[in-house]
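For reference, the structure discussed in these notes is given below.
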Amino acid sequence: MEHYRNVDNTMRAYPEIAANWKEAGIRPDKWVAFYCGTGWRASETWCYAYLMGWRRIAVYDGGWFEWSQDPISNPIEVGVPVEV
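Just so we're aligned, residue 0 is where the sequence shown starts under numbering that gives the first Met the number 0, counting upward by one.
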């Protein structure tokens, strides 16, 4: 979460986060699903998006841990995405 917090552990300013997301191709006009290892970090990034007015957002609260427990039902793709 160091990308989302200041050194004193407070939340970074929204414009900084929005600029980082824009550079990474994460935009408010596309659906964005946040996930992490267990769910709590994804919830924090979801809150950023929500407070910035984004409405096409979701969070997978079970995280990678839950998803990977059932590889038959939950496919896992590897490699570099074709489109960001």
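By construction, the Cβ of each residue, glycine as well, lies at the ideal position given by its N, Cα and C atoms.
State the beta-bridge partners of Met-51 as determined by DSSP.
Note: Met-51 sits in no beta bridge, so no partner.
Give the C-beta separation of Tyr-34 and Ala-41 to the nearest angstrom, bearing in mind that I take them to be a contact with Cβ-Cβ under 8 Å.
Right, the Cβ-Cβ distance comes to about 5 Å (below 8 Å), so this counts as a contact.
According to the neighbour-count rule (16 or more other Cβ atoms, all chains shown, within 10 Å of its Cβ), is Ala-12 buried or exposed?
exposed
Using the beta-carbon count (16 or more within 10 Å), is Gly-78 buried or exposed?
exposed
Check this for me: beta carbons of Gly-61 and Gly-36, under 8 Å apart or not?
no
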